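Counted the way our numbering counts, the sequence shown spans residues 1 to 335. Written out below as structure tokens is the structure these notes cover.
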Amino acid sequence: MERIREKIIRALSGRKLSYWKLLKEVSSPLVEVVQTLKDLLEKGEVIWDEEEKVLYLKEEGEEVPSFQCPACLGKGRVIKGEFEKAFLKYMEIAQNRPPSIPEYDQGFILPEDLVHKAILMHEKCDLENRKILILGDDDLFSIYVGLVGKCEKITVVEIDERLVNFINEVSSTEKLEIEVFPYDLSNPLPQQLKNSFDVFVSEPPESLEGFICFLTRGKEGLKERGSGYIGLTTLESTYEKWGEIQKWCLNNGFVITDILKNFSRYWERVQDWEKFYSHFRMLKELPFNPGPVDEDWYTSDLLRIERITPRKLQSQDLYMDEETWATPLSFSHGD
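This is the structure we're talking about:
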């Protein structure tokens, strides 16, 4: 866990951070962060200030500057035009959403990041005139893309009756024509939903079994060629788990086309999750009380996957195959 140690030292160099801000900076598996932090505290390399509720280095060091764009926060896009108009309406509607509950592992993404996901889908030709399947919708993504108005069809599969009723009500009021199925995704998709969609969208559970279950439902819903947008963290998923998920993708005819780091931030302070934090194993393992949440620390990476038809590529030599159309032919012959 030497790399985790280096990340913690770098994050704390020249400054004091709350535990929650440190998690945001380090963005690594919680099980490894907590273990490494305990070791650093025991060795006296990191100090916990109980009064200020901050961590800092015994040897202060110099602060490492951030190179992230403050305007787009690394997303490389801005919200404007019809996407901004839909965003403002969405914000009005979302004020009355049902609160998140832990029974279904719910938690919703910051609205701005939801918009950026829709913009990315639009850029990838995965929104306009597409049939979209949303697997679980505590983010109310169906309502936002419905307000944008580019999709041919929007279908939601959701287990929480409160969300089912809310989406149905908004869809009727705003004339969005969203189709909602109250359904438990631990079971195979209903027959009428199989092989019917161009794109699926989901923020699956972080357990390996749960994640692959949701991926499987997405695969069931797609047509022969299609794509998926899924959120996966490095907080609750080690690279070993990432490897298993990548194996599933390859074994099931998918390739990962995009990975956008820390793309989605979860709205911790708004969701009132703090009353559930005492049940988190993370906090039971910490040797201190980290205090109130002062950062939206839980983030997930956005993955885009695309279904392909595997075929064998014919290579001519080290430099040329049937797809190298921008490599000079003479390069292959040594001219």
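Glycine included, every Cβ here is placed at the ideal spot set by N, Cα and C. Just so we're clear, the structure is a prediction, and the values are computed from it rather than from any experiment.
Residue i versus the options, residue with shortest Cα-Cα distance
i, options, result
"M91", "I109, D105 and V78", "I109"
"E410", "T238, G146 and D317", "With the chain covering only 1 through 335, there is no way to say anything about residue 410."
"E96", "G231, L232 and V170", "Before going on, a small fix: residue 96 reads as Asn here, not Glu. Cα-wise, what sits closest to N96 is V170."
"G107", "G210, P204, M320 and L193", "P204"
"K117", "Y229, K247, S18 and E322", "Y229"
"Q191", "L318, F211, F214 and E220", "E220"
"S196", "R10, F263, V156 and G253", "V156"
"Y19", "E6, E128, W48 and I4", "W48"
"E161", "V201, P98 and L208", "P98"
"F263", "G74, V34 and S28", "G74"
"I93", "R5, F211, F166 and G243", "F166"
"G253", "R311, G76 and W267", "R311"
"T257", "L303, E240 and K194", "L303"
"K43", "R5, V54, L17 and S13", "R5"
"E82", "V148, I143 and D105", "V148"
"L185", "I178, F211, E59 and E179", "F211"
Where residue i falls, given that 16 or more other Cβ within 10 Å makes a residue buried
i, result
"D126", "buried"
"P328", "exposed"
"W325", "exposed"
"F67", "exposed"
"R357", "The question about residue 357 has no answer, for the chain in this structure spans 1 to 335."
"V78", "exposed"
"A71", "exposed"
"E158", "buried"
"V255", "exposed"
"L313", "exposed"
"R281", "exposed"
Proximity below 7 Å, CB of residue i to CB of residue j
i, j, result
"L250", "R217", "no"
"V199", "S227", "yes"
"D301", "I245", "no"
"V115", "F87", "yes"
"P287", "K38", "yes"
"E132", "I154", "Checking the sequence, you will find Ile at residue 132 rather than Glu. For I132 and I154, yes; Cβs fall inside 7 Å."
"R15", "E52", "no"
"G136", "L176", "no"
"L30", "L235", "yes"
"V34", "E209", "no"
"P182", "V164", "yes"
"L17", "L57", "no"
"E128", "K150", "yes"
"D139", "R265", "no"
Residue-chain proximity (residue i, chain C), Cβ-Cβ < 7 Å
i, result
"T173", "Among the chains of the structure shown, chain C does not appear; only one protein chain is present."
**Prompt:** Mind pulling the beta strand (DSSP E) runs of 3 or more residues that sit fully within the segment 134-180?
**Reply:** You should have 153-158.
**the segment 277-296 in contact with the segment 19-28 per 3-pair CB rule at 8 Å** = yes
**Request:** Write down every uninterrupted run of the alpha helix (DSSP H) in the segment 51-124 whose length is 4 residues or greater and which is fully enclosed by it, in chain order.
**Result:** 81-94 and 111-123
**Prompt:** With a cut-off of 8 Å, do at least 3 Cβ pairs link the segment 276-287 to the segment 304-314?
**Reply:** no
**Item:** Whole alpha helix (DSSP H) elements within the segment 13-57, 4-residue minimum
**Value:** 19-26 and 30-42
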